[in-house]
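Residue numbers (the working numbering), protein chains in the order written: chain L, 1 to 265; chain U, 266 to 416.
Presented below is the structure to which this report refers.
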Amino acid sequence: MDNNSTHLWKDWRLHLVVLVIVIITELIGTHKIPVGAGAILLLPMLYAVIIGLAAFFTPLINKVQSRKAESLVFMSVTLLIAKFGVQAGPALPELIKAGPALIFQEFGNLATILVALPVAIMLGLRRETIGMTHSIGREANLALISEKYGISSPEGRGVVSMYIFGTIFGAIFLGVTSGLFASILPISPLSFAMATGIGSGSMTAASLGPLVAMYPEQSELITAYSGASNLLTSVTGLYMSIFIGLPMAEKYYSWITKLKSKRRG
Amino acid sequence: MLEKLIDWTLTLTIVAAMALLGNFIGYEVMPLAALPGMISLMVIVLIGMIIHEVLPFKRLPAIAYIGLLAFILTIPGVPGAEKIAEWTAEVNLLALTTPILAYAGISIGNSWADFAKMGWKTIIIGMLVLLGTYLGSAIIAEIILRIQGIV
């Protein structure tokens, strides 16, 4: 996302639509749907993303405004990132104690390669797989892949489709699943908090929201951990992809395809 | 530079005003009570954006500087840290997320046509990619936190 677009503040109609969405969704408030032993938490932000998408299909919003909204996501995420930071500072002693977990969970981002890449190959995809699974495919990865392979290469097509998928579905998907997982899996909300540093502002917000709402008594530490993990991801994320994620996806890809052809031969 | 700064400030003011309203409706914090905290956040953001703008090194995103700055400013012992922490505590995190995702919803409309064309394979892999990252990190964190006896 570029943060250079100017005069974003002038589009009063766009802001008015968002203002109305904020008022409506905050008035509806938080609701909980029990699912088996767990629960899905419906937060105002989840309705907001859906109403926002619906608004796009009305005459209220046009394409230009929709593109402006993208830069506005970046601008509004900065406030959230600052909020993360001020929550993390006072928790410095706790963060130091949890330092090893915070650092090592960054490598968890590579788990996506281990899990998703073989499935993609099984489904018959080829080199698109590398673009799709080497990372969660946000802006920085889009840039990295197009620099290395070209955006119209198979790898480029892969990362673009993941980018679109994440853009549309990421926040909604994580907003629903993060609360559900926290309520059914024997994993502490503090560990999930560290996992919310995904490398996308809106996905982080969506996955953190249910955790904060479900565990209000731990919300300060949850936010601090999430903020620290976010900071780590924003500093290390791209380098993680360059030096580990992408080479690992390449090696793993050629290993699996070799294995597959051997089995056939 | 100054022009950009004014522009950012105006845009942030609009978003901040909406978050203050959401903070009031959803979390019953009077906007005036949350105002010092919101202004602190805005100032931190602006300084972070300026640092990003001025430094020639562009590989780190602006949010890296913003997060780091906010973090350092509130470390116990740093002058003013307690005040900033106290003020910003009035700004509910969830109130900040609502306008973000409303804008996100509007912006994703643009990619909707491409999304609709996407095959089921991409959707399955996409979900696995997101789950892999999220659960992978959570599981590693859980193992280490348990070894350390923190959870």
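Note that the Cβ used here is the ideal one computed from N, Cα and C, for glycine as well.
Using 8 Å as the threshold, is the C-beta distance between residue i and residue j below it?
i, j, result
"L/V77", "L/S178", "no"
"L/R67", "U/N375", "yes"
"U/L361", "L/L79", "yes"
"U/L334", "U/I312", "yes"
"L/G150", "L/M132", "no"
"L/T196", "L/S229", "yes"
"L/L43", "L/M214", "no"
"L/P90", "U/A350", "yes"
"L/L267", "L/Y225", "As shown, chain L starts at 1 and ends at 265. That puts residue 267 of chain L outside it, with no answer to give."
"U/T387", "L/S161", "yes"
"L/I136", "L/G175", "no"
"L/V119", "U/G287", "no"
"U/I409", "L/F192", "no"
"L/K83", "U/V416", "no"
"L/T25", "U/T363", "yes"
"L/L8", "L/A140", "no"
"L/V115", "U/L325", "no"
"L/L142", "U/I340", "no"
"U/A367", "L/G52", "yes"
Please report how far the alpha carbon of residue i lies from the alpha carbon of residue j, in whole angstroms.
i, j, result
"L/G29", "L/T233", "31 Å"
"L/M1", "L/R264", "A caution first: L/M1 carries a pLDDT of 41, below 50, which makes its placement in the model unreliable, though a value can still be read off. Cα to Cα, the separation comes out at about 44 Å."
"L/E181", "U/M266", "With the sequence shown as reference, residue 181 of chain L is identified as Phe, and Glu is not the correct amino acid for it. Their backbone Cα atoms lie some 45 Å apart in a straight line."
"L/P34", "L/I81", "31 Å"
"L/Y47", "L/T236", "32 Å"
"L/L60", "U/D272", "24 Å"
"L/N3", "U/L338", "At L/N3, the pLDDT of 44 sits below 50, so the modelled position is not reliable; the number obtained from the coordinates is stated separately. So the two alpha carbons sit approximately 24 Å from each other."
"L/E94", "U/T276", "35 Å"
"L/I130", "U/M383", "17 Å"
"L/I198", "U/L297", "33 Å"
"U/V308", "U/E293", "24 Å"
"L/A249", "L/L117", "8 Å"
"U/I316", "U/A327", "8 Å"
"L/G156", "U/L320", "30 Å"
"U/F322", "L/S200", "21 Å"
"L/S152", "L/E128", "11 Å"
"U/G414", "L/A39", "27 Å"
"L/I145", "L/I164", "15 Å"
"L/I113", "L/A101", "20 Å"
"L/T58", "U/T274", "29 Å"
"L/I244", "L/H134", "9 Å"
"L/K262", "L/Y253", "14 Å"
"L/P247", "L/A98", "29 Å"
"L/N62", "U/A369", "14 Å"
"L/S71", "L/V20", "19 Å"
"U/G345", "L/S219", "23 Å"
"L/M75", "L/A88", "21 Å"
"L/Q65", "U/E318", "25 Å"
"U/I404", "U/R411", "10 Å"
"U/K348", "L/A37", "42 Å"
"L/W255", "U/I390", "19 Å"
"L/A54", "L/D11", "19 Å"
"U/V310", "L/H31", "32 Å"
"U/K269", "U/M314", "10 Å"
If residue i sits next to residue j, beta carbons under 8 Å apart, how far is it from one beta carbon to the other, in whole angstroms?
i, j, result
"U/I304", "L/F56", "Not a contact, Cβ separation roughly 32 Å."
"U/I373", "L/L27", "That belief does not hold up - the Cβ atoms of U/I373 and L/L27 are roughly 23 Å apart, past 8 Å."
"U/G342", "L/G85", "16 Å between Cβ atoms; not a contact."
"L/M240", "U/S402", "Contact doesn't hold; Cβ gap of about 12 Å is too wide."
"U/L359", "L/V212", "6 Å"
"U/A329", "L/L231", "7 Å"
Within 8 Å of any Cβ in chain B, is that where the Cβ of residue i sits?
i, result
"L/Q105", "Looking at the structure shown, chain B is missing, and the protein chains on hand are L and U."
Minimum length 3: unbroken beta strand (DSSP E) runs contained in the region 34-121 of chain L: 38-42
Length-filtered (4 minimum) alpha helix (DSSP H) runs lying within the region 369-411 of chain U: If we require 4 residues or more, the alpha helix (DSSP H) runs fully inside the region 369-411 of chain U come out as 377-382.
Meets three-Cβ-pair contact criterion under 8 Å: the region 183-196 of chain L and the region 113-124 of chain L: Contact fails: fewer than three Cβ-Cβ distances are below 8 Å.
contact_flag[the region 166-174 of chain L, the region 206-213 of chain L] where n(CB pairs < 8 Å) is 3 or more: Enough Cβ pairs lie closer than 8 Å, so yes.
Contact between the region 278-285 of chain U and the region 14-31 of chain L (3+ Cβ pairs under 8 Å): yes
The region 397-413 of chain U touching the region 108-122 of chain L, judged by at least three CB pairs closer than 8 Å: yes
Runs of alpha helix (DSSP H) lying entirely within the region 217-245 of chain L, each at least 4 residues, in chain order: 219-240
Complete runs of the alpha helix (DSSP H) confined to the region 306-368 of chain U [at least 4 residues]: Every unbroken stretch of the alpha helix (DSSP H) spanning 4 or more residues and falling wholly within the region 306-368 of chain U is given here in chain order: 327-338, 346-353.
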